[in-house]
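Notes for the one structure printed next.
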Amino acid sequence: MLKFEYRSGIMHANDLFCTAAFSPKEKSKYYTSTTQGDRTLNKIMKIAIFGAGVAGLSAAVELVDRGHTVEIYEKRKILGGKVSVWKDSDGDSIESGLHIIFGGYEQLQRYMKRVGAEDNYQWKEHALIYAEENGTQSFFRKANLPSPWAEVVGGMRTDLLTFWDKISLVKGLYPAITGNEAYFRSQDSMTYSEWHRRKGASEHSLQRLWRAIALAMNFIEPNVISARPMITIFNYFGLNYTATKFAFFCKNPGDSMIEPMRQYIQSKGGRIFVDAKLNRFELNSDDSIKEAVLKDGHKIEADAYISALPVHNIKKILPVQWLTHKYFRNLHEFVGSPVANCQLWFDRKITDTDNLMFSQSTIFATFADVSITCAEDFQKGMGSATGGSVMSLVLAPAHQLMDMPNEVITELVIKDIHNRFPKSRDAKLLKSTIVKIPQSVYKAVPDVDKFRPNQISPIKNFFLAGDYTDQHYLASMEGAALSGKLVAEKLLSRFGN
Ligand SMILES: Cc1cc2nc3c(=O)[nH]c(=O)nc-3n(C[C@H](O)[C@H](O)[C@H](O)COP(=O)(O)OP(=O)(O)OC[C@H]3O[C@@H](n4cnc5c(N)ncnc54)[C@H](O)[C@@H]3O)c2cc1C
1112 MLKFEYRSGI MHANDLFCTA AFSPKEKSKY YTSTTQGDRT LNKIMKIAIF GAGVAGLSAA
1172 VELVDRGHTV EIYEKRKILG GKVSVWKDSD GDSIESGLHI IFGGYEQLQR YMKRVGAEDN
1232 YQWKEHALIY AEENGTQSFF RKANLPSPWA EVVGGMRTDL LTFWDKISLV KGLYPAITGN
1292 EAYFRSQDSM TYSEWHRRKG ASEHSLQRLW RAIALAMNFI EPNVISARPM ITIFNYFGLN
1352 YTATKFAFFC KNPGDSMIEP MRQYIQSKGG RIFVDAKLNR FELNSDDSIK EAVLKDGHKI
1412 EADAYISALP VHNIKKILPV QWLTHKYFRN LHEFVGSPVA NCQLWFDRKI TDTDNLMFSQ
1472 STIFATFADV SITCAEDFQK GMGSATGGSV MSLVLAPAHQ LMDMPNEVIT ELVIKDIHNR
1532 FPKSRDAKLL KSTIVKIPQS VYKAVPDVDK FRPNQISPIK NFFLAGDYTD QHYLASMEGA
1592 ALSGKLVAEK LLSRFGN
């Protein structure tokens, strides 16, 4: 077995820093050239996928299901990319970020079902819950009516907004509810704040309701995010009753989703290599890929190559010859959103809310007590959990946090936690962790959407997958899953499969 072929489940933090390499025998065994002619005739292709996030794994699921030879090469020692989870030295699960599945994530749910993980997530009460000062909460619950009346009536009943906010929103958001794709595209040149104000919706509702939604969606403020993704989501969620439901993974995204995907891919003959960083491509005279070269010098030959790397990684390793294509130059228009995730272990429960929570004027935008929401992980007797709350909090906007020491960030988080959860003032903090991601999802700022690339590139054997590529969702697990499906379909269709 290859030393760095991925076989086990969730990784331990200490494993993340191990190095591994091919022995010469292993190298010759697994890194042989493809017999392209025969493969093309049989329509069975060897496809190399770089990056084992949701996009790369989804593409692999599609391709192994169609009988193709799939090899995945992942830079890190763990799979999952932005949804990766690892164990620290106490045995606690550390998440790259708190992750929620929405009711509208149809493709992701299909993949969960296909890999036998359909029971690995749980739906929560259908409500937006805002944690207010001193332990109170405000709610936005949909009414039990068909959409859009469910949202309109639910909005009129919410205690989050004033009467004037509600009237202004019904009037202001009407174009979003009735708009079509062409309308949404035409609104991409302005920020959401500008759009909101132009429509006469109240300033108070912008700060009270939508700021937290913008931060949750893209980790940036409403005066930075483009109007387009916000109003697209209003339309989608305003017309589909179940789209706004939240589900949490029963354990964590690693155990509940990534691990079943890995098992499925390998059970169908797919191979997964970790500690295998793509470094560059060697080209043929027509600029197509001759071979991919890993950081340690190993060469990979395949019939087709899929990059499922984040956009900031792939743009660094594009051959200069390819930059004559606008398609590749456009990738330089994308900039990653910084974000951080903080986990806090308390010696007692500081909340009993079994759902996602939002808040305003706090260092965290969305959060949950995962000892309650993720019922099979973070429990008493597991790692540091003693039966108390384990808060997982997404910190956004986070540009100012990237260079701040973790102790300082934790102090700021605790201050806001004390303010929102009075029971925490008497609780003992047992442990805290912070994961910083300086470039997470791409910033959905005005005029960037048009640069999202199709999964088919101008290079005949090179394809792109990833949450930033062109599909109808913003960067998200669903967007990544859709990109994986699209890249597989388009690749096979280009090769006549
Ligand atoms: C804090 C946080 C919270 C989030 N919450 C949610 C949520 O609640 N719901 C939701 O839907 N989405 C959420 N997201 C977004 C979601 O995680 C991403 O949109 C999605 O996981 C991206 O998947 P991907 O496969 O496109 O990219 P990635 O997950 O980034 O995967 C890319 C992979 O490529 C690998 N790689 C990079 N360079 C190389 C190289 N040179 N060679 C080989 N491999 C390489 C990386 O290590 C990584 O594994 C959240 C993100 C963050 C950061």
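Going by the working numbering, the letters in the sequence shown line up with residues 1112 to 1608, in that order.
The beta carbon of each residue, even a glycine, is placed where N, CA and C say it ideally should be.
* Asked: When the distance is taken between beta carbons, is Ile1183 closer than 7 Å to Ala1171?
  -> yes
* To do: Grab the span of the beta strand (DSSP E) containing Thr1343 for me, first residue to last.
  => Thr1343 -> not in any beta strand (DSSP E); alpha helix (DSSP H) instead, spanning Ala1338 to Leu1350.
* Exposure of Pro1569, with buried meaning 16 or more beta-carbon neighbours within 10 Å -> exposed
* Heavy atom of ligand 1 less than 6 Å from the Cβ of Phe1606, yes or no? -> no
* To the nearest angstrom, report how far apart Leu1190 and Arg1309 are at their CA atoms. => 44 Å
* To do: With Phe1274 as the anchor, note down where its alpha helix (DSSP H) starts and where it stops.
  => Phe1274 to Thr1289
* **Asn1452: CB within 6 Å of a non-hydrogen atom of ligand 1** => yes
* To do: Determine the extent of the beta strand (DSSP E) in which Arg1382 is found, giving its start and end residues.
  => Arg1382 to Phe1384
* Asked: For Ser1194, is the beta carbon positioned less than 6 Å from some heavy atom of ligand 1?
  -> Just to set this straight, residue 1194 is Val in the shown sequence, not Ser. Result yes, Cβ under 6 Å from ligand 1.
* Ser1304: which of Ala1325, Ser1297 and Pro1286 sits nearest, CA to CA? -> Ala1325
* To do: Check the C-beta distance from Pro1340 over to Asn1329 and give it rounded, since I have them as a contact under 8 Å.
  => 7 Å
* Asked: For Ser1551 versus Ser1448, is the C-beta spacing smaller than 7 Å?
  -> yes
* Asked: Tell me the DSSP bridge mates of Phe1469?
  -> Tyr1241 and Thr1477
* To do: Compute the Euclidean distance between the alpha carbons of Gln1369 and Glu1229, then round it to the nearest angstrom.
  => Here residue 1369 is Ile; the residue named in the question, Gln, does not match the sequence. If I take the Cα positions, the gap works out to 13 Å.
* Coarse secondary structure for Ala1166, derived from DSSP in three states -> helix
* Got a sec: does ligand 1 put a non-hydrogen atom nearer than 6 Å to the Cβ of Glu1314? -> no
* Asked: Taking the alpha carbon of Asp1201 as the point to measure from, which residue in Gly1492, Asp1581 and Pro1508 has its own alpha carbon closest?
  -> Gly1492
* To do: Please state whether DSSP places Lys1186 in a helix, a strand or coil.
  => coil
* In terms of residue numbering, what span does the beta strand (DSSP E) encompassing Val1501 cover? -> Val1501 to Leu1506
* Contact belief for Val1546 with Asn1441 at Cβ below 8 Å, rounded distance in angstroms -> Rounded, the Cβ-Cβ distance is 30 Å, inconsistent with contact.
* N- and C-terminal bounds of the alpha helix (DSSP H) containing Lys1224 -> Glu1217 to Arg1225
* Tell whether a beta-carbon distance below 7 Å holds between Ser1356 and Glu1487. => Note that residue 1356 is Lys in the sequence shown here, rather than Ser. Contact flag unset, no.
* According to DSSP, residues forming a beta bridge with Gln1233 -> Phe1359
* Asked: Between the C-alpha atoms of Val1608 and Asn1231, what's the straight-line distance to the nearest angstrom?
  -> Note on identity: in this sequence residue 1608 is Asn, with Val being the wrong assignment. Each residue's alpha carbon lies about 33 Å from the other.
* Check whether the Cβ of Asp1480 sits closer than 6 Å to any heavy atom of ligand 1, and report yes or no. => no
* Counting only the same chain and skipping the five closest in sequence on each side, list residues whose C-beta sits under 8 Å from that of Asn1466. => Lys1235, Glu1236, Ala1238, Ile1240, Phe1357, Ala1479 and Thr1484
* To do: Would you mind reading off the limits of the beta strand (DSSP E) that contains Tyr1416?
  => Ala1415 to Ser1418
* Can you tell me the Cβ-Cβ gap for Ile1474 and Val1505, rounded? I've got them flagged as a contact below 8 Å. => About 10 Å separates the two Cβ atoms, so there is no contact after all.
* Short check: CB of Ser1204 to CB of Ser1195, under 7 Å? -> no
* Specify the secondary structure class of Leu1209 as computed by DSSP and reduced to three states. => coil
* Asked: CB of Pro1569 to nearest heavy atom of ligand 1: below 6 Å?
  -> no
* Extent of the continuous beta strand (DSSP E) run through Trp1306 -> That residue, Trp1306, is in no beta strand (DSSP E); its alpha helix (DSSP H) goes Tyr1303 to Arg1309.
* What do you reckon, is the C-beta of Gly1499 under 6 Å from a heavy atom of ligand 1? -> no
* Asked: Where does the unbroken alpha helix (DSSP H) through Asn1424 begin, and where does it stop?
  -> Val1422 to Ile1425
* Asked: Between the C-alpha atoms of Gly1595 and Met1372, what's the straight-line distance to the nearest angstrom?
  -> 13 Å
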